[in-house]
Amino acid sequence: MDRVQHLLNLLEEDPRSVFILFALAKEYEKRQKYEIAEAYYLRSLELDENYLGSYYHVAKLYEELGDNDQALAMYERGITKAKILSDFHALGELMNAKTNLEMEL
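Read in order, the letters of the sequence shown are residues 13 to 117 in the working numbering.
Right, dumping it as structure tokens:
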């Protein structure tokens, strides 16, 4: 059984698992199934808006797809949430990624 199928089976058992949704997004992104990856990232944020990794990775996905406005908006959402949560590690990563993108534009 491949990873995606295994994760889908796990998701059936626990459909609200943000970790499984995030893992599925990463697997689909690796397979260049970007729309599916985006949907799983966004679903993870619907279920847990504090799952900061999803902000970073979906923003990176938007960058990869050339949608810089969406990427910047997602970085900003993540930065705002990281400040609220006082998660300084995630805050630094999100701010650096946003700054790097802005410098490229």
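Every residue gets a Cβ at the ideal spot worked out from N, C-alpha and C, and that includes glycine.
As the structure is a prediction and not an experimental result, all values here were calculated from the model.
Span of the alpha helix (DSSP H) around residue i
i, result
"tyrosine 74", "64–76"
"lysine 45", "Looking at the DSSP string, lysine 45 is not in any alpha helix (DSSP H), and its letter there is neither H nor E."
"arginine 28", "It is not in any alpha helix (DSSP H) - arginine 28 carries neither H nor E in the DSSP assignment."
For residue i, the three-state DSSP class (helix, strand or coil)
i, result
"arginine 55", "helix"
"leucine 117", "coil"
"aspartate 136", "The requested residue 136 is not part of the displayed model; the chain covers only 13 to 117."
"glutamate 50", "helix"
"glutamate 61", "coil"
"arginine 89", "helix"
Beta-carbon spacing of residue i, residue j below 8 Å
i, j, result
"lysine 93", "leucine 117", "no"
"leucine 57", "leucine 36", "no"
"alanine 109", "alanine 71", "yes"
"glutamate 47", "leucine 19", "no"
"leucine 73", "alanine 49", "yes"
"tyrosine 67", "arginine 89", "yes"
"arginine 28", "leucine 54", "no"
Beta carbon proximity, residue i to chain D, threshold 8 Å
i, result
"threonine 111", "Absence of chain D from the displayed structure is noted, only one protein chain being present."
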